[in-house]
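A.B. asks:
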Amino acid sequence: MNFFINNISEAATFSPLLPLFFLILIRSNKEYWPIKSLVVISCVISLYSGYQAKFLNTNNMPSLHLLTVLEFLCISFFYNSSFRHFYLKKISLIAGVGFTLFSIGNSLFFQDIYTYNSYARGLEAFLVICLSLLYFYETLQRQEIVRLEHSPTFWFNTAFLLYFTSTQFLFLFNNLILTTYSKDISNLFWKVHAFVCILYYLLLAVGIWKVRFKPTSPISLS
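Structure follows, in structure tokens:
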């Protein structure tokens, strides 16, 4: 157990490889392409960022700034293709464009690429939480009985809601934690983040595996 806790950050670095493995295994069509893009991008940036920190001993914050923008674009496109109502599709599209502009502006004028982009990460978490809740609301409004555990979209949405809800506090107050509290406290927060990160990619892997199976047909309640 102590070995796992001490090495959880390293485990989190390699956790995107799990959904990537299932992605390669199923070799499905272009369905859920935003999720597939997200997994590939996360793998490349996470592994390179870990390599920078461990072997090059260089600042890997620029990688995080890039990941933040690309990650949210993939997520917003995912919701745009998942929502059925036009106004929800429009909301996800506006959120994607608006956040991209905000994140770039934040990196240029407020929190440069060599510092932790807490403003952008915090806003990203808030927007993803809102989109995930809107998806659950729309699903309930359909008045259909569906076996959600067979739906890939359900697993992807659950992964987003769990991860961004759990890490919202850390994203917003990371810089304050680093400057105000001891290094041990800061490390504890990041170990919790690493655990949630592993769980996040595990849920994405389950969703990708579920792409192999068609969800059961819904039964209308109306």
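All you need for the working numbering is the position in the sequence shown, starting with 1, plus 1141.
Even for Gly, the Cβ is constructed at its ideal location relative to N, Cα and C.
Tell me whether T1321 sits in a helix, a strand or coil according to DSSP, three-state version.
C.D. replies: Here T1321 sits in helix by DSSP.
A.B. asks: Which of the three DSSP states is assigned to S1363 in this structure?
C.D. replies: Note that S1363 has pLDDT 40, beneath the 50 cutoff, so the model's placement of it is unreliable and no number is given.
A.B. asks: Looking only at C-alpha atoms, which of E1279, Y1257, T1154, R1288 sits nearest to Y1192?
C.D. replies: It is T1154 whose Cα lies nearest to the Cα of Y1192.
A.B. asks: Report the residue ranges of all beta strand (DSSP E) runs contained in full by the stretch 1159 to 1242; include only those spanning at least 3 residues, in chain order.
C.D. replies: The qualifying runs do not exist here; there are none.
A.B. asks: Rounding to the nearest angstrom, what Cα-Cα distance links S1363 and Q1282 in this structure?
C.D. replies: Its pLDDT being 40, under 50, S1363 is placed unreliably in this model, and the coordinates cannot settle the point.
A.B. asks: Return the first residue and the last residue of the alpha helix (DSSP H) that L1264 is part of.
C.D. replies: Note, L1264: alpha helix (DSSP H), 1259 to 1282.
A.B. asks: Could you tell me if F1227 is buried or exposed, where buried requires 16 or more neighbouring beta carbons within 10 angstroms of its beta carbon?
C.D. replies: That one is exposed.
A.B. asks: Which class does Y1255 belong to by DSSP, given the choice of helix, strand or coil?
C.D. replies: Looking at Y1255 - three-state DSSP - the assignment turns out to be coil, as it is neither helix nor strand.
A.B. asks: Indicate whether N1344 and T1299 have their beta-carbon atoms separated by less than 9 Å.
C.D. replies: For the record, residue 1344 in the displayed sequence is Leu; it is not Asn. Yes. Within cutoff.
A.B. asks: Between F1336, L1207, I1235, which has its C-alpha nearest Y1220's C-alpha?
C.D. replies: Here the closest residue by C-alpha is I1235.
A.B. asks: With DSSP collapsed to three states, give me the class of V1352.
C.D. replies: Coil.
A.B. asks: So, using beta-carbon positions, are I1176 and I1339 closer together than 9 Å?
C.D. replies: Not in contact: I1176 and I1339 (Cβ atoms no closer than 9 Å).
A.B. asks: For L1247, count the other beta carbons within 10 Å of its own beta carbon; 16 or more makes it buried, fewer makes it exposed. Which is it?
C.D. replies: For the record, residue 1247 in the displayed sequence is Asn; it is not Leu. Buried, by the Cβ-count rule.
A.B. asks: Where do the N-terminal and C-terminal ends of the alpha helix (DSSP H) with S1150 fall, by residue?
C.D. replies: It spans 1149 to 1155 - the alpha helix (DSSP H) in which S1150 sits, taken as one unbroken run.
A.B. asks: When you compare each of S1259, I1254, E1265 to M1202 by their alpha carbons, which one comes out closest?
C.D. replies: Among S1259, I1254, E1265, the Cα nearest to that of M1202 belongs to I1254.
A.B. asks: Could you say which of V1180, L1311, H1291 lies nearest to A1335 if we only look at CA atoms?
C.D. replies: With distances taken between Cα atoms, A1335 lies closest to L1311.
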